[in-house]
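Below is one structure; the comments refer to it alone.
2 protein chains.
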Amino acid sequence: MRFEFAERMNKLEASVIREILKVTEKPEIISFAGGLPAPETFPIEAIKEANQKVLEENGEKALQYATTEGYNPLRKWIAERMNKTLGANFSYENILITHGSQQGLDFLGKIFLNKYDVVLCESPTYLAAITAFKAYECNFIEVPTDKDGMIVDELEKILKTTKNIKLIYTIPTFQNPTGVTWSIERRKGVAELADKYNKIVIEDNPYGELRFKGENLPSLKSFDECGNVVCLGTFSKIFCPGYRIAWVAAHEEIIEKLVVIKQSTDLQCNTIAQMDIAKYLELNDIDEHIETIRELYKKRCDLAVETMEKEFPENVKFNRPDGGLFTWVELPKNIDARELLDECLKHNVAFVPGGPFFPNGGNENFFRINYSNMPEERIVEGLKILGKILKEYL
Amino acid sequence: MRFEFAERMNKLEASVIREILKVTEKPEIISFAGGLPAPETFPIEAIKEANQKVLEENGEKALQYATTEGYNPLRKWIAERMNKTLGANFSYENILITHGSQQGLDFLGKIFLNKYDVVLCESPTYLAAITAFKAYECNFIEVPTDKDGMIVDELEKILKTTKNIKLIYTIPTFQNPTGVTWSIERRKGVAELADKYNKIVIEDNPYGELRFKGENLPSLKSFDECGNVVCLGTFSKIFCPGYRIAWVAAHEEIIEKLVVIKQSTDLQCNTIAQMDIAKYLELNDIDEHIETIRELYKKRCDLAVETMEKEFPENVKFNRPDGGLFTWVELPKNIDARELLDECLKHNVAFVPGGPFFPNGGNENFFRINYSNMPEERIVEGLKILGKILKEYL
Numbered sequence: 001m002r003f004e005f006a007e008r009m010n011k012l013e014a015s016v017i018r019e020i021l022k023v024t025e026k027p028e029i030i031s032f033a034g035g036l037p038a039p040e041t042f043p044i045e046a047i048k049e050a051n052q053k054v055l056e057e058n059g060e061k062a063l064q065y066a067t068t069e070g071y072n073p074l075r076k077w078i079a080e081r082m083n084k085t086l087g088a089n090f091s092y093e094n095i096l097i098t099h100g101s102q103q104g105l106d107f108l109g110k111i112f113l114n115k116y117d118v119v120l121c122e123s124p125t126y127l128a129a130i131t132a133f134k135a136y137e138c139n140f141i142e143v144p145t146d147k148d149g150m151i152v153d154e155l156e157k158i159l160k161t162t163k164n165i166k167l168i169y170t171i172p173t174f175q176n177p178t179g180v181t182w183s184i185e186r187r188k189g190v191a192e193l194a195d196k197y198n199k200i201v202i203e204d205n206p207y208g209e210l211r212f213k214g215e216n217l218p219s220l221k222s223f224d225e226c227g228n229v230v231c232l233g234t235f236s237k238i239f240c241p242g243y244r245i246a247w248v249a250a251h252e253e254i255i256e257k258l259v260v261i262k263q264s265t266d267l268q269c270n271t272i273a274q275m276d277i278a279k280y281l282e283l284n285d286i287d288e289h290i291e292t293i294r295e296l297y298k299k300r301c302d303l304a305v306e307t308m309e310k311e312f313p314e315n316v317k318f319n320r321p322d323g324g325l326f327t328w329v330e331l332p333k334n335i336d337a338r339e340l341l342d343e344c345l346k347h348n349v350a351f352v353p354g355g356p357f358f359p360n361g362g363n364e365n366f367f368r369i370n371y372s373n374m375p376e377e378r379i380v381e382g383l384k385i386l387g388k389i390l391k392e393y394l
Numbered sequence: 001m002r003f004e005f006a007e008r009m010n011k012l013e014a015s016v017i018r019e020i021l022k023v024t025e026k027p028e029i030i031s032f033a034g035g036l037p038a039p040e041t042f043p044i045e046a047i048k049e050a051n052q053k054v055l056e057e058n059g060e061k062a063l064q065y066a067t068t069e070g071y072n073p074l075r076k077w078i079a080e081r082m083n084k085t086l087g088a089n090f091s092y093e094n095i096l097i098t099h100g101s102q103q104g105l106d107f108l109g110k111i112f113l114n115k116y117d118v119v120l121c122e123s124p125t126y127l128a129a130i131t132a133f134k135a136y137e138c139n140f141i142e143v144p145t146d147k148d149g150m151i152v153d154e155l156e157k158i159l160k161t162t163k164n165i166k167l168i169y170t171i172p173t174f175q176n177p178t179g180v181t182w183s184i185e186r187r188k189g190v191a192e193l194a195d196k197y198n199k200i201v202i203e204d205n206p207y208g209e210l211r212f213k214g215e216n217l218p219s220l221k222s223f224d225e226c227g228n229v230v231c232l233g234t235f236s237k238i239f240c241p242g243y244r245i246a247w248v249a250a251h252e253e254i255i256e257k258l259v260v261i262k263q264s265t266d267l268q269c270n271t272i273a274q275m276d277i278a279k280y281l282e283l284n285d286i287d288e289h290i291e292t293i294r295e296l297y298k299k300r301c302d303l304a305v306e307t308m309e310k311e312f313p314e315n316v317k318f319n320r321p322d323g324g325l326f327t328w329v330e331l332p333k334n335i336d337a338r339e340l341l342d343e344c345l346k347h348n349v350a351f352v353p354g355g356p357f358f359p360n361g362g363n364e365n366f367f368r369i370n371y372s373n374m375p376e377e378r379i380v381e382g383l384k385i386l387g388k389i390l391k392e393y394l
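Residue numbers (full-length UniProt numbering), protein chains in the order written: chain Z, 1 to 394; chain L, 1 to 394.
Laid out in structure tokens, this is it:
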């Protein structure tokens, strides 16, 4: 039988990252490709304890269906945390528990986007946000972006002249893929423009708590005066990603629509996962835990930057992040990072080519480096190999 | 700010069931409303053991990101189980692990449905399948259905005369909401027509293993000669629903598209949940476990039917299911089950009115009764109250 798929499928391809991850499952590969946290930070013993307690105290509830919105003690913890760290003003009713932040992106696409609507984003931006929105057949305009974030004047030019803009998608802190952190002026400027032009801003913040240098900056949310900034947060990077527990925090009118979509999409998140995490948070000091992650990633980032400075040719540029999981490498314009990847894979080194992070294509002379996942000695070894290949290649 | 939502949101409402479930959380309510399994069947001790073993033996892997397709040992178990119970011929590569069967429905809508495409279904059909597909702005045609399932001649009339039919959605065994099981002729007939007219059939089978009377019947899949029958299965009813682990089993071309959608939607299912279930299946005899569920549901179903026969007025009809979780009650035509529900809630008894199970509306004189969740004495008590109200009402 010839299967007839929906039109939206023509625009969607398998994720480059997920496909590369399959290759990098081989143990001999030194992979800078994924966005994987360091597994040695996972608090396995504490999770065992939390799970046992949940099943002992409340097993029938933990294994049963539950409400779509999520487990209330967890929603309350999240609201309080966001109020503290982002200067927000959420109650638990502003929180929807989602199956990873990826589901938050999908749902926001689903509730806001008609075919041909426009999404504005940084250039480059998070690859899987592009595919999440693309499934709703939208168009993208990449807002010019520099080392301080989205350029406010350029954003206003686009807002003034473009019809059917529905979403402005941003990752203002330790951006994926670039590692860039927006300046305070840009944060304020973008929030003000979104308010003035009546647009929804998504502030995606998976890495914000992983700052290992400099001072925390106010969130876009903290400049929000009309409820149009929607926040995404996740336990994947401060706890562990295997549980797939994340959240959307938003104005209650938006949450109401998201709940309708969650009902039709997957009813609810894993009950026991939510209760395990809530129990872990009750029994443990997550700030202490996050501090150990920060220290480890600082060490790995410093080492990566140091090695790249030493081993990479001079005409290869890269960012020095203050936190998060990634840095971003710029090659001379004539070099195609996909071809470079093929060469590197022959030497058992992997990264993600930059092209797919630009929704409208082009810019093949970039690639993304993740420094959180590999042990230190392999980071150095891998970047040395990469440096050697680069020198031969250029 | 006035939020501008996508057009698809105009057609979607919060699920009646989920909204009623919020009311029925009060302990004094005797609820026949949800589709909740009996929590006393959850194998809590065995799950504790499985979880401890997974974290001890393989904690870092269990808490990390994993492949989109799902955990291979679990995919293999599922393929073998389906080959045994449904006469299918699947390998693990035909299986995608999903976040509940609800996600399977959403994904199938997403990969197959353009706006205004047509979905054929039983009349009535599963409420949350309607909302899953409706999010892709399709139309529904309800195929006339009787006590033996979808009527084959009626289906062919529709197939002959209707453009843009993309999916035929079916629950042939212990249907939700009616409890009806299709005859073997209907199964064969529908499969043959789908083949002849080149249409995808979804065989949703959450209850198939919960037969407590009569003989197993061959699946639609067993009559599939060209790969157009897509099977949905779940651990929610034979194990526990809190994990949200289910699957789609389909032709590999369909799985390929589903994987692309899963990547853009939520990346993957909960790693540790998949590994916990695989470990549980390794250490325990699930057939023995399912047998205890069957016995319990048989007892509750018999009791419910017996009580309804005794207590309900003669002009109220209902089905006698051979398995599954539900029966379906027909009131005289002039009675509105939504109004009856309001009356019943005053007496702390709840059920789901039948109207929302008909995608094109009408038929307000039905309601669905779940008998799996409440203890026996409350089933009898609740149905007695319901009988009394019905007698006063008619």
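All C-beta atoms, glycine included, are put in the ideal place defined by N, C-alpha and C.
C-beta neighbour in chain Z for residue i, strict 8 Å
{"i": "Val152 of chain L", "result": "no"}
{"i": "Lys188 of chain L", "result": "no"}
{"i": "Asp204 of chain L", "result": "no"}
{"i": "Val119 of chain L", "result": "no"}
{"i": "residue 413 of chain L", "result": "The question about residue 413 of chain L has no answer here: the residues shown for chain L are numbered 1 through 394."}
{"i": "Ile254 of chain L", "result": "yes"}
{"i": "Tyr243 of chain L", "result": "yes"}
{"i": "Ile44 of chain L", "result": "yes"}
Residue i versus residue j - alpha carbon distance
{"i": "Gly382 of chain L", "j": "Ile30 of chain L", "result": "6 Å"}
{"i": "Glu49 of chain Z", "j": "Pro37 of chain Z", "result": "22 Å"}
{"i": "Pro353 of chain Z", "j": "Asp146 of chain Z", "result": "19 Å"}
{"i": "Glu256 of chain Z", "j": "Pro218 of chain L", "result": "42 Å"}
{"i": "Gln64 of chain L", "j": "Pro43 of chain Z", "result": "12 Å"}
{"i": "Leu267 of chain L", "j": "Leu220 of chain L", "result": "30 Å"}
{"i": "Asn373 of chain L", "j": "Asn373 of chain Z", "result": "45 Å"}
{"i": "Lys279 of chain L", "j": "Ala246 of chain L", "result": "16 Å"}
{"i": "Leu331 of chain L", "j": "Glu185 of chain L", "result": "29 Å"}
{"i": "Val180 of chain Z", "j": "Glu7 of chain L", "result": "35 Å"}
{"i": "Phe133 of chain L", "j": "Lys84 of chain Z", "result": "40 Å"}
Per-residue burial, residue i [other beta carbons within 10 Å of its own, 16 or more giving buried]
{"i": "Asp287 of chain Z", "result": "exposed"}
{"i": "Asn334 of chain Z", "result": "exposed"}
{"i": "Thr253 of chain Z", "result": "The amino acid at residue 253 of chain Z is misidentified as Thr; the sequence shows Glu. Counting Cβ neighbours within 10 Å, Glu253 of chain Z comes out exposed, since fewer than 16 surround it."}
{"i": "Val23 of chain Z", "result": "exposed"}
{"i": "Thr292 of chain Z", "result": "exposed"}
{"i": "Cys226 of chain L", "result": "exposed"}
{"i": "Asp285 of chain L", "result": "exposed"}
{"i": "Ser91 of chain Z", "result": "exposed"}
{"i": "Asp322 of chain Z", "result": "buried"}
{"i": "Arg244 of chain Z", "result": "buried"}
{"i": "Glu137 of chain L", "result": "buried"}
Paired residues, beta bridge with residue i - DSSP
{"i": "Gly233 of chain Z", "result": "Z:Trp247"}
{"i": "Ser31 of chain Z", "result": "Z:Ala350"}
{"i": "Ile202 of chain Z", "result": "Z:Tyr169, Z:Val230"}
{"i": "Lys317 of chain Z", "result": "Z:Glu330"}
{"i": "Phe367 of chain Z", "result": "Z:Val329, Z:Pro353"}
{"i": "Leu120 of chain L", "result": "L:Ile141, L:Ile168"}
{"i": "Arg211 of chain L", "result": "L:Gly323"}
Under 8 Å between C-beta atoms of residue i and residue j
{"i": "Lys298 of chain Z", "j": "Phe235 of chain Z", "result": "no"}
{"i": "Met1 of chain L", "j": "Asn216 of chain Z", "result": "no"}
{"i": "Leu127 of chain L", "j": "Ile97 of chain L", "result": "no"}
{"i": "Asn270 of chain Z", "j": "Asn51 of chain L", "result": "no"}
{"i": "Pro177 of chain Z", "j": "Phe358 of chain Z", "result": "no"}
{"i": "Gly35 of chain Z", "j": "Val248 of chain Z", "result": "no"}
Beta carbon proximity, residue i to chain L, threshold 8 Å
{"i": "Thr68 of chain Z", "result": "yes"}
{"i": "Asp106 of chain Z", "result": "yes"}
{"i": "Asn315 of chain Z", "result": "no"}
{"i": "His347 of chain Z", "result": "no"}
{"i": "Ser123 of chain Z", "result": "no"}
9 Å Cβ cut-off: residues of chain C touching residue i
{"i": "Pro39 of chain Z", "result": "No chain C appears in this structure, whose protein chains are Z and L."}
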